[in-house]
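To start, the structure under review is shown below, and the notes come after it.
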Amino acid sequence: MFSIRNLARVKAPSRFFSVSSKLRAGHAEESVKPFHNAMGRPAQKYSVPEGQVLGKTTFTEAMDEVDMVWGRDDDPKKVEKQNTKIRHFTINFGPQHPAAHGVLRLILELHGEEIVRSDPHVGLLHRGTEKLIESKTYMQALPYFDRLDYVSMMTNELVFALAVEKLLNVEVPLRAKYIRTMFGEITRILNHCMSVLSHIMDVGGLTPFLWGFEEREKLMEFYERVSGARLHTAYVRPGGVSQDLPAGLLDDIYMWATQFGDRIDETEELVTDNRIWKNRTQDVGVVTAEDALNYSMSGVMLRGSGVPYDIRKAQPYDAYELVDFDVAVGLNGDCYDRYLVRMVEFRQSLRIIEQCINDMPEGPVKVEDYKISPPPRSLMKEDMEALIHHFLLFTKGYAVPQGETYTVIEAPKGEMGVYVVSDGSERPYRCKIRAPGFAHLGAFDHVARGNLLADAVAIIGTMDLVFGEVDR
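Sequential numbering from 419 applies to the sequence shown in the numbering used here.
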């Protein structure tokens with residue numbers, strides 16, 4: 419019988435002995451290493467020599483031993499090796515951050531609190547708008563532009579309407595031009611209220627944000643009275659506007675414009691000379707004029723850097739060549755200058771609105787070509803051809819002559835452009851949208867580099883980003 423006692427005498431293979439010998443040797447080596455405490459540092463044994471007091475001399479000698487163990491001495495190789503262990507740390511900013519202004523995700527590489535590198539991740543709100551437009555008629559494609567920059571809706575409609583009118587070679591009635599211009603500036607005030615006041619709130623000032631939304635509510639009511647919708651109006655259309663202004667609307671807009679200047683004064687009194695606001699915005703996010711041009715910036719981002727370029731002056735459209743206004747230009751190109759530019763544009767928009775109210779003539783508000791714009795309801799009850807035109811317009815659409823055009827406007831956020839290619843059918847062959855926010859976000863790494871993490875919030879706010887137009 420093979421007993422358990424004999425089992426103890428069985429020899430194991432030689433490889434087990436070699437491994438165990440190595441383990442024993444390693445254990446012997448570890449036994450002579452100094453004991454490490456919970457922090458990973460050698461536990462030094464401090465002893466008081468006879469005739470001495472534990473003080474500077476003994477502590478210095480003990481720290482010298484620590485330096486020898488950890489390599490912190492004058493050996494340049496060890497110093498270089500130690501420096502290579504320093505790493506920047508990376509954080510996620512968004513897409514669920516309250517200051518991200520949408521679905522923005524930034525990968526920020528930080529050295530302490532200084533931004534070393536930033537990588538914007540876009541596309542989280544991508545809906546394929548440009549591809550969807552290719553399968554719609556020109557009339558059906560118009561509401562998609564409301565969903566791009568959903569803070570300045572009518573200006574998006576305007577750029578598409580101007581492009582289609584250029585391909586159709588039609589002239590819009592003068593009254594329609596004034597209405598478009600007036601609501602374009604109302605939209606600019608709507609946008610700047612959201613931009614400036616949310617920027618102030620991001621850096622800690624809540625009160626102006628509440629004031630501004632009270633004014634935005636009044637402007638949204640004007641939207642609703644003229645189109646029936648507060649947000650996605652589809653009011654500006656190729657050939658003019660969908661309908662004339664209701665009775666009493668111009669009087670109400672004028673009354674609102676006379677008191678809105680007081681709201682601007684209150685905001686400036688509270689914010690413009692505020693010490694905290696200046697510390698958070700001055701010399702933050704500086705963009706030189708050369709960099710602004712190289713990065714294809716436009717609008718306030720370009721004018722804030724000292725470049726006096728405004729499409730309303732350089733390439734006037736609608737009634738802008740008939741009204742008088744000034745172009746606000748900054749000096750330093752920082753967040754504070756861009757804030758001042760927007761505050762001046764508030765007042766210039768009020769000037770334009772007042773001129774449009776005073777100079778707006780009577781007359782039609784859309785072209786009288788019933789293949790492009792729908793005929794009046796009263797005419798459809800009497801004329802069979804008018805009823806047929808109305809039916810074909812909203813079912814089949816209208817054919818646009820073959821050609822291509824790139825049309826731009828001065829949107830509240832910058833140069834809003836649309837490139838339309840027509841193959842002669844009722845649907846656009848290609849529609850490329852040039853959103854100003856996409857170019858501005860592409861320059862974020864350059865603008866934010868060298869600033870602090872807290873300054874990223876101020877820079878995003880001053881860029882006035884809306885991801886409906888960035889991601890499309």
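We put the beta carbon where it would ideally sit given N, CA and C, even for glycine.
Beta-carbon separation of ALA829 and SER570 under 8 Å? Yes. Within cutoff.
Please list, in chain order, all residues of the same chain as TYR596 whose beta carbon is under 6 Å from its beta carbon, the five residues on each side excluded. If you ignore the 5 residues before and after TYR596, its C-beta comes within less than 6 Å of the C-beta of ALA737, CYS774, MET778, all in its own chain and listed in chain order.
First through last residue of the beta strand (DSSP E) which encompasses LEU522: Careful: LEU522 lies outside any beta strand (DSSP E) and carries neither H nor E.
Opening and closing residue of the beta strand (DSSP E) in which ALA829 lies: ALA829: member of the beta strand (DSSP E) spanning 821-829, first to last residue.
Rounded to a whole number of angstroms, what is the C-alpha to C-alpha distance between MET798 and LEU592? Across the structure, MET798 and LEU592 are spaced so that their CA atoms are roughly 25 Å apart.
When we look at the beta-carbon of ASP567 and count the other beta-carbons within 10 Å, is it buried (16 or more) or exposed? Around the CB of ASP567, 16 or more other CB atoms lie within 10 Å, so the residue is classed as buried.
Rounded straight-line distance, which links the Cα of ARG845 to that of GLY717: Taking the CA atoms as reference points, GLY717 sits about 31 Å from ARG845.
Let me check one thing: in DSSP terms, what residues is ASN510 bridge-paired to? Looking at the DSSP output, ASN510 sits in a beta bridge with ILE525.
What are the boundary residues of the alpha helix (DSSP H) that VAL644 is part of? Judged by DSSP secondary structure, VAL644 falls within the alpha helix (DSSP H) whose first and last residues are 625-645.
Could you tell me which residues DSSP pairs with ALA837 in its beta bridges? The question names Ala, yet the displayed sequence has Tyr at residue 837. In DSSP, TYR837 forms a bridge with TYR824, LYS850.
Give me the Cα-Cα distance between LEU585 and THR823, rounded to the nearest whole angstrom. Each residue's alpha carbon lies about 7 Å from the other.
Could you tell me if the beta carbon of VAL875 falls within a distance shorter than 7 Å of some heavy atom in the ligand NAP? Here there are no bound small molecules, and the ligand NAP is not part of this structure.
Along the alpha helix (DSSP H) that carries SER613, what are the first and last residues, could you check? Residues 592-620.
For PHE507, count neighbouring Cβ atoms within 10 angstroms of its own Cβ and tell me buried if that reaches 16, exposed if not. Its Cβ having fewer than 16 others within 10 Å, PHE507 is exposed.
Could you check the C-alpha separation between GLN700 and SER613 for me, to the nearest Å? Here the alpha carbon of GLN700 sits roughly 18 Å from the alpha carbon of SER613.
On the three-state DSSP scale, how would you describe VAL584? Per the sequence shown, residue 584 should be read as Lys rather than Val. Helix, per DSSP.
Does the beta-carbon distance from LYS731 to VAL745 come in below 8 Å? Inclusion of LYS731 and VAL745 in the CB contact set at 8 Å is warranted, their separation being smaller than that value.
Taking all protein chains shown into account, decide if GLY781 is buried (16 or more other Cβ within 10 angstroms of its Cβ) or exposed. Result: exposed.
Skipping 5 residues on each side, what residues in its chain have a beta carbon closer than 7 Å to that of HIS539? These residues qualify, in order along the chain: ARG523, ILE525.
8 Å Cβ cutoff met for VAL818 and TYR653: Using a Cβ distance threshold of 8 Å, VAL818 and TYR653 do not count as a contacting pair.
Can you name, in chain order, every residue of its own chain whose Cβ lies under 7 Å from the Cβ of LEU560, other than the five neighbours on each side? Take LEU560, set aside five residues on each side of it, and the residues of its chain with a beta-carbon closer than 7 Å to its own are GLU575, PHE578, ALA652, ARG655, in chain order.
C-beta atoms of GLY722 and ASP683 nearer than 8 Å: In this structure, ASP683 does not lie closer than 8 Å to GLY722 by Cβ.
Measure how close the beta-carbons of GLY658 and ALA594 come, nearest whole angstrom, since I'm counting them as under 8 Å. Contact flag correct, Cβ pair sits at about 4 Å.
Is the separation between the beta-carbon of GLY751 and that of THR706 shorter than 8 Å? Contact check for GLY751 against THR706 passes: the beta carbons are separated by less than 8 Å.
Three-pair Cβ contact test at 8 Å for the stretch 597-608 versus the stretch 871-882: Touching, no, given that fewer than three Cβ pairs across the two stretches are closer than 8 Å.
Short of 6 Å in beta carbon distance, which residues of its chain neighbour LEU543, apart from the five on each side in sequence? Order them along the chain. VAL521, PHE885, ASP889, listed in sequence order.
CA-CA distance, ASN815 and SER843? According to the sequence displayed, residue 815 carries Gly and not Asn. GLY815 and SER843: Cα-Cα distance of roughly 9 Å.
What residues match up with ARG394 in a beta bridge as DSSP calls it? This structure does not reach residue 394, given that the chain is present from 419 up to 890, and the question cannot be answered.
Assumed close pair LEU870, GLU532 - CB separation to whole angstroms, cut-off 8 Å: Contact holds; Cβ gap of about 6 Å.
On the DSSP bridge assignment, give the partners of VAL654 in chain order. Answer is VAL659.
C-alpha gap between SER767 and ILE827, whole angstroms: Distance between the alpha carbons of SER767 and ILE827: 15 Å.
Helix or strand or just coil, what does DSSP make of LYS799? Shown here, LYS799 sits in coil according to DSSP, grouped into three states, outside any helix or strand.
Suppose you measure from the CA of LEU667 to the CA of SER791; what does that come to, to the nearest Å? Spanning the two alpha carbons is a distance of roughly 23 Å.
Buried or exposed: LYS696, going by 16 or more other Cβ atoms within 10 Å of its Cβ? With fewer than 16 other Cβ atoms inside 10 Å of its own Cβ, LYS696 counts as exposed.
Can you grab the Cα-Cα spacing for the pair ASP680 / TRP629, in whole Å? Spanning the two alpha carbons is a distance of roughly 11 Å.
In chain order, what residues of the same chain lie with their CB nearer than 6 Å to the CB of VAL741, ignoring the 5 residues before and after it? The answer, listed in chain order, is ILE770, GLN773.
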